[in-house]
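> Counting the sequence shown from 1 gives a position; this note's numbering is that position plus 13.
Don't be surprised by glycine CBs; every beta carbon is placed ideally from N, CA and C.
None of these values were measured; they are calculated from a predicted model.
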Amino acid sequence: MNRFGVDGSGSKANYGENLLTSEIINATSTMTTTTVSSITSILSTATSALLADNEIQNGDGETDELSSRFSRPLLTIAATATILIMIAGIFGNLLTIYALIRCPKVRNVAADFIISLCAADCLFCVLVLPFMAVRYIHGAWTHGEFLCTLVPFIQYGNVGVSLLCIAMITMNRYIMIAHNSIYQRVYKKVYVYTMIIFCWIFSYGFQLPTLFGVWGIFGYDDKLETCSILPDSQGRSSKTALFIIAFIIPCVIIIACYARIFWVVHESESRMRRHASSQPSLQNNNQRTMTGSTQIPGSMNNNLNETDVKSGNRLQATKSTRLKDQREAKQKRNEWRITKMVLAIFLSFLACYMPITIIKIADKDVQWPGLHIFGYIMIYLSACINNFIYFIMNKQYRQAYKTVLMCRTPKLLSFGHGASSNGEKTKDFAFVYSNTNHSLTMVSTIEDAYHTTSHPPQDTPKHLANAIADSKEEPSDSC
14 MNRFGVDGSG SKANYGENLL TSEIINATST MTTTTVSSIT SILSTATSAL
64 LADNEIQNGD GETDELSSRF SRPLLTIAAT ATILIMIAGI FGNLLTIYAL
114 IRCPKVRNVA ADFIISLCAA DCLFCVLVLP FMAVRYIHGA WTHGEFLCTL
164 VPFIQYGNVG VSLLCIAMIT MNRYIMIAHN SIYQRVYKKV YVYTMIIFCW
214 IFSYGFQLPT LFGVWGIFGY DDKLETCSIL PDSQGRSSKT ALFIIAFIIP
264 CVIIIACYAR IFWVVHESES RMRRHASSQP SLQNNNQRTM TGSTQIPGSM
314 NNNLNETDVK SGNRLQATKS TRLKDQREAK QKRNEWRITK MVLAIFLSFL
364 ACYMPITIIK IADKDVQWPG LHIFGYIMIY LSACINNFIY FIMNKQYRQA
414 YKTVLMCRTP KLLSFGHGAS SNGEKTKDFA FVYSNTNHSL TMVSTIEDAY
464 HTTSHPPQDT PKHLANAIAD SKEEPSDSC
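1) For R421, tell me which candidate among R115, Q380, M354 and Y204 has the shortest Cα-Cα distance.
2) Output the distance between the C-alpha atoms of V227 and L142, rounded to the nearest integer angstrom.
3) Go ahead and label H385 buried or exposed: buried means 16 or more other beta carbons lie within 10 angstroms of its beta carbon, across all protein chains shown.
4) In chain order, what residues of the same chain have a beta carbon less than 7 Å from the beta carbon of Y149, not counting five sequence neighbours either side?
5) Would A123 count as contacting chain D if we go by Cβ distances under 7 Å?
6) Quick one, are the C-beta atoms of V119 and L113 less than 7 Å apart?
7) Does the count of Cβ pairs from the stretch 204-220 and the stretch 163-174 closer than 8 Å reach three?
8) Looking only at DSSP bridge pairs, what is C240 linked to?
9) Considering only their Cβ atoms, is the gap separating C270 from Y403 smaller than 7 Å?
10) Given that a residue counts as buried once 16 or more other Cβ atoms are within 10 Å of its Cβ, and exposed if not, what is W154?
11) Quick one: is T183 buried, meaning 16 or more other Cβ sit within 10 Å of its Cβ, or exposed?
12) On the CB-based measure, 16 or more other CB atoms within 10 Å of its CB, does D235 come out buried or exposed?
13) I want to check one thing, is the minimum distance from the CB of F231 to the heavy atoms of the ligand HEM below 6 Å?
14) CA-CA distance, D378 and A272?
15) Please return the same chain residues whose Cβ sits closer than 8 Å to the Cβ of S361, not counting the five positions on each side in sequence.
16) Return the chain-ordered list of same chain residues with a C-beta closer than 6 Å to the C-beta of F359, the five sequence neighbours on each side being excluded.
17) Tell me the residue span of the alpha helix (DSSP H) that contains G173.
18) Determine the direct distance from the alpha carbon of Y196 to that of V139, and round the result to whole angstroms.
19) Could you have a look at D376 and say whether DSSP puts it in helix, strand or coil?
20) On the CB-based measure, 16 or more other CB atoms within 10 Å of its CB, does V147 come out buried or exposed?
21) Would you decide whether H151 is buried or exposed? Buried here means 16 or more other CB atoms lie within 10 Å of its CB.
22) What does a CB cutoff of less than 6 Å around R85 pick up in its chain, not counting 5 residues either side in sequence?
23) Taking the straight line between their C-alpha atoms, what separation do you get for T352 and M285?
24) Does DSSP put G102 in a helix, a strand or coil?
25) Can you tell me which of the three DSSP states R273 falls into?
26) Is it true that the stretch 406-421 meets the stretch 368-382, where meeting means three or more beta-carbon pairs spaced less than 8 Å apart?
27) Using 8 Å for Cβ pairs, my map puts L255 next to F166. What's the rounded Cβ distance?
28) With DSSP as the reference, label T370 as helix, strand or coil.
29) Spatial neighbours of A364 within its chain, please: C-beta separation below 8 Å, excluding the five flanking residues on both sides.
30) Within 10 angstroms of its Cβ, does A59 collect 16 or more other Cβ (buried), or is it exposed?
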């Protein structure tokens, strides 16, 4: 048995999990090294192309500037913005993935989907944005037909993965808040991984008919001067179906879930206010009962003692209920913060993708090239903006970033997998304690005793006392 009361089999399981985490971290480090090399190559290409002023040699040895409906200053701004977004996206998404894997305090179901979302954004920055940057530098697509097919395939696939992951997180928040009784059954590890795999397979599998030329084709769009989905020889294109199935339907699901979430939260807050208003009257009744009991003559001391004990029990029950309500309220606040963060991610996704959608509908003939460049830059921005949302809106994510950047060693603070809030950890402690002593003693009693003394009670199980001590010793800025 170790200090947390886990037997040898549990230690083996933890060793396997730690080994898997180490392999993931090593893979992430390798990917980071490769990415840095790619960025250096792109920057070198950009510098060379800009110094050459985008001139190419024709058959007679003369130089001409590549013809483009986009002006050179506009292309230079677009190339610079694309490179900056690419660097910020790669660094931010790799940092988020590493922090979520390394810091157990932020690991929960939502974090698994966020890791998938970050992986999609990182692949977009690594495999799509470099070619877009070079395209703006040269003023035209210069990478050949094969990459003109592969790059939009990856681009549209990553858009689908991102939106489906956001939809999955939203549904997770909805079930957590509105149907908590079935949450543990629905979000088992194997089910979560299956959902993530489904997001990737569906997003890329839906494009396979276009990739093989059965339902539209990937090719170069002369008007937009970029590679996209074009009609095939029979005039068929998958763009409309892709827009409806992979964009409109997930957006409708997300909006419906959040509408229901806000309704449930509003009703819950109303009940909590009514419950809080009824607490003072209950305490006053208990106090009047105790006062009336002490006025009984001395010949009835036995009845007095029994009445005092019953009244004290009622007060203790009231206190336990109040402490339990406070823990649950704190847990709900933590979960609500994650819910609001996911809503901000969804709104930022819409803000980044709606401009290009409106521009393509309103300006089909590309009479305003600057608007199209702006729309594309907004799409690229969606690959790095989420990391700023994580940092601004979630304190635990900020602590995880700080722990990783300052090379600190994170502490394992919870027994259960995926505990992301103090409320969840308290539930884990209470579960272990009640299973050990076969009693209904609440962990709040242990924590109250710890606050009033320098050590936990002597009858506290050793593994629980050590866990509580670790949680008390944890600095506020660790993850």
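According to the data block:
1) Taking the sequence shown and counting its residues from 1, the one referred to as residue 421 is at position 408. When only C-alpha atoms are compared, the closest one is R115.
2) On the sequence shown, residue 227 is found 214 positions in, with the first residue counted as 1. On the sequence shown, residue 142 is found 129 positions in, with the first residue counted as 1. One alpha carbon belongs to V227, the other to L142, and they sit about 27 Å apart.
3) For the purposes of this step, residue 385 is taken as residue 372 along the sequence shown, with counting starting at 1. In summary, H385 is buried, with 16 or more beta-carbon neighbours lying within 10 Å of its beta-carbon over all protein chains present.
4) Start at 1 with the first residue of the sequence shown, and residue 149 comes out as number 136. Taking C-beta separations shorter than 7 Å and ignoring five residues to either side along the sequence, the partners of Y149 in its chain run L88, A91, A92 and T95, following chain order.
5) Absent from the structure is chain D; it holds one protein chain and no more.
6) Mapped onto the sequence shown, residue 119 falls at position 106. Mapped onto the sequence shown, residue 113 falls at position 100. Yes, Cβ-Cβ distance for V119 and L113 is below 7 Å.
7) These segments touch.
8) Locating residue 240 in the sequence shown gives position 227, where the first residue counts as 1. BP columns for C240 point to Y233.
9) As a first step, residue 403 is located in the sequence shown; it is residue number 390 there, counting from the start. As a first step, residue 270 is located in the sequence shown; it is residue number 257 there, counting from the start. Going by beta carbons, Y403 and C270 fall outside the 7 Å limit.
10) For the purposes of this step, residue 154 is identified with residue 141 of the sequence shown, where counting begins at 1. Label assigned to W154: buried.
11) Position 170 of the sequence shown, counted from the first residue, corresponds to residue 183. Classified as buried, T183 has 16 or more neighbouring CB atoms from the shown chains inside 10 Å of its CB.
12) For this step, residue 235 is matched to residue 222 along the sequence shown. Looking at its Cβ environment, which holds fewer than 16 other Cβ atoms inside 10 Å, D235 is exposed.
13) As far as ligands go, the structure on display features none, and thus does not contain the ligand HEM.
14) Taking the first residue of the sequence shown as position 1, residue 378 is located at position 365. Taking the first residue of the sequence shown as position 1, residue 272 is located at position 259. When the Cα atoms are used, D378 and A272 turn out to be separated by approximately 38 Å.
15) Numbered from 1 along the sequence shown, position 348 holds the residue referred to as residue 361. In the same chain as S361, and ignoring 5 residues on each side of it, the C-beta atoms closer than 8 Å to its own belong to S395, I398, N399 and I402, in chain order.
16) Your numbering for residue 359 matches position 346 in the sequence shown. Apart from sequence neighbours up to five positions away, the residues of its chain that approach F359 with a beta-carbon distance below 6 Å are I179 and I267, ordered along the chain.
17) The residue labelled residue 173 in the question sits at position 160 within the sequence shown. Run containing G173: G157 to A191, per the alpha helix (DSSP H) assignment.
18) Taking the sequence shown and counting its residues from 1, one reaches residue 139 at position 126. Taking the sequence shown and counting its residues from 1, one reaches residue 196 at position 183. Each residue's alpha carbon lies about 36 Å from the other.
19) As a working mapping, residue 376 is identified with position 363 in the sequence shown. Three-state result, D376: coil.
20) Here residue 147 refers to the residue found at position 134 when the sequence shown is read from its first residue. Taking a 10 Å sphere around the C-beta of V147, we find 16 or more other C-beta atoms and assign the residue as buried.
21) As a working mapping, residue 151 is identified with position 138 in the sequence shown. Burial call: buried.
22) Here residue 85 corresponds to residue number 72 of the sequence shown, with the count starting at 1. Once the five neighbours on either side are set aside, R85 has no close Cβ partner at all.
23) Counting from one through the sequence shown, the residue named residue 352 turns up at place 339. Counting from one through the sequence shown, the residue named residue 285 turns up at place 272. Counting only the Cα atoms, M285 lies some 19 Å from T352.
24) In the sequence shown, residue 102 corresponds to position 89, counting from 1. Here G102 sits in helix by DSSP.
25) Locating residue 273 in the sequence shown gives position 260, counting from the first residue. Note: R273 maps to helix in three-state DSSP.
26) The stretch 406-421, when compared against the stretch 368-382, does not touch it at the 8 Å Cβ threshold.
27) For this step, residue 255 is matched to residue 242 along the sequence shown. For this step, residue 166 is matched to residue 153 along the sequence shown. Between F166 and L255 the Cβ distance is about 12 Å, and since that is not below 8 Å, they are no contact.
28) Reading the sequence shown from its first residue, position 357 is the one you call residue 370. T370 falls in the helix class under three-state DSSP.
29) The residue labelled residue 364 in the question sits at position 351 within the sequence shown. Excluding sequence neighbours, A364 sits near M391.
30) On the sequence shown, position 46 is the one that residue 59 refers to. Bear in mind that a pLDDT of 43 at A59, under 50, signals an unreliable position, so the number given afterwards is only what the model happens to contain. When all chains shown are included, A59 counts as buried.
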